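Per the numbering used here: the sequence shown = residues 38 to 297.
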Amino acid sequence: MALFLRFRSALLQWIYRQSVGMRHIGCIKRIVALPGTKKPAGGIPSSVSLSQNRMNTITSTRLTKLCGWFGLLSIGLFILSLAFIHSAGANIDWLRDYVSNMANEPQGWAFNVGAFVHGLGYLLIALGLSYSLCSGWLRSWGVNLLILVAIGVVLAGLFPTDPPGQLKTISGLIHRLAATVAFMSELAALFIFSTAFRHDCRWQEQQTISLSISIIAALTMVVFILAIQVDITPGLAERIVMIPLLIWEVWICVRLIKWG
38 MALFLRFRSA LLQWIYRQSV GMRHIGCIKR IVALPGTKKP AGGIPSSVSL SQNRMNTITS
98 TRLTKLCGWF GLLSIGLFIL SLAFIHSAGA NIDWLRDYVS NMANEPQGWA FNVGAFVHGL
158 GYLLIALGLS YSLCSGWLRS WGVNLLILVA IGVVLAGLFP TDPPGQLKTI SGLIHRLAAT
218 VAFMSELAAL FIFSTAFRHD CRWQEQQTIS LSISIIAALT MVVFILAIQV DITPGLAERI
278 VMIPLLIWEV WICVRLIKWG
């Protein structure tokens with residue numbers, strides 16, 4: 038128990054130092070004193086020095102840039118995995134077959150690996166945005182939704198979908214549920230972050246771009262759902278809805294790399 042309490046105290050101290058370092062000019066954050074620290078009238082614990090603040094700021098900037106770079110790398114690897122399967126002569130109908138059907142091809146391992154890495158990339162993008170944005174419920178909801186997307190994409194990579202025309206399996210059920218949660222959660226995250234950007238000093242000018250991409254993604258999602266219901270080119274509709282989502286991810290990663 039003593040070891041657990043010591044670990045908990047060290048973890049809380051680390052989280053607090055990171056939250057101090059994540060502040061940037063123009064952002065106002067409420068500072069909460071940790072147990073065992075004195076909070077003077079100014080509101081800043083006396084144990085935190087200016088040199089520590091500068092060091093934490095440098096650390097958080099580097100972490101944000103790394104999140105952007107690795108997030109961008111994960112997207113690139115996912116796209117390369119799809120291109121590899123197509124170039125290998127996969128029997129995929131772009132109009133009717135879903136992207137997930139690539140997992141049932143001889144080179145399906147590439148799709149599973151690409152989806153798994155892409156899911157990890159979502160976690161890094163969520164972490165980068167949590168460092169870059171000012172704290173608030175919008176940031177918290179957006180980050181949590183991206184984490185949910187990451188879990189869904191990773192599960193979709195680990196559990197292949199059922200081949201067309203064959204009996205339903207547990208793996209296929211998990212894949213469909215995970216993919217549905219990932220799609221819907223990412224769409225919601227786009228709109229939430231677009232609203233959060235409006236209230237953040239560094240991201241305000243990017244709010245229009247993010248909102249525009251979000252609206253396009255929502256429209257393509259409606260088309261995708263209708264295509265599934267009427268069974269007309271659902272594969273093409275899925276590929277179309279993925280375009281604005283991937284564009285938003287790439288754009289966010291570039292912003293994280295540029296600003297840190």
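C-beta: ideal position from N, C-alpha, C; glycine also. Keep in mind that this is a model prediction, so the values were computed, not measured.
Coarse secondary structure for residue i, derived from DSSP in three states
i    : result
I65  : Any reading at I65 is ruled out, since the residue's pLDDT is 41, under 50, leaving its predicted position unreliable.
A315 : Because the chain in this structure spans residues 38 to 297, residue 315 falls outside the shown range and cannot be described.
Q144 : coil
Y159 : helix
C290 : helix
P200 : coil
Y168 : helix
L132 : coil
R276 : helix
W240 : coil
T101 : helix
K295 : helix
Through-space distance from residue j to residue i, alpha-carbon basis
i    : j    : result
L103 : R213 : 31 angstroms
T206 : L119 : 24 angstroms
F148 : G209 : 15 angstroms
I277 : L183 : 20 angstroms
S167 : L293 : 11 angstroms
V136 : A274 : 10 angstroms
L110 : G145 : 20 angstroms
S247 : V150 : 29 angstroms
A140 : R235 : 40 angstroms
D237 : I229 : 13 angstroms
Boundaries of the alpha helix (DSSP H) in which residue i is found, first to last residue
i    : result
N181 : 174 to 195
T245 : 244 to 267
T232 : 207 to 235
C-beta neighbour in chain C for residue i, strict 8 angstroms
i    : result
I184 : Protein chain content of the structure displayed is limited to a single chain, and chain C is not contained in it.
Heavy atom of the ligand GDP within 7 angstroms of residue i beta-carbon
i    : result
A163 : For the ligand GDP, the structure offers nothing, since it holds no ligand at all.
The stretch 184 to 192 / the stretch 151 to 158 touching (three or more Cβ pairs under 8 angstroms): Judged by Cβ distances under 8 angstroms, the stretch 184 to 192 makes contact with the stretch 151 to 158, as three or more pairs qualify.
Cβ contact (3+ pairs, closer than 8 angstroms) linking the stretch 117 to 134 and the stretch 250 to 263: no
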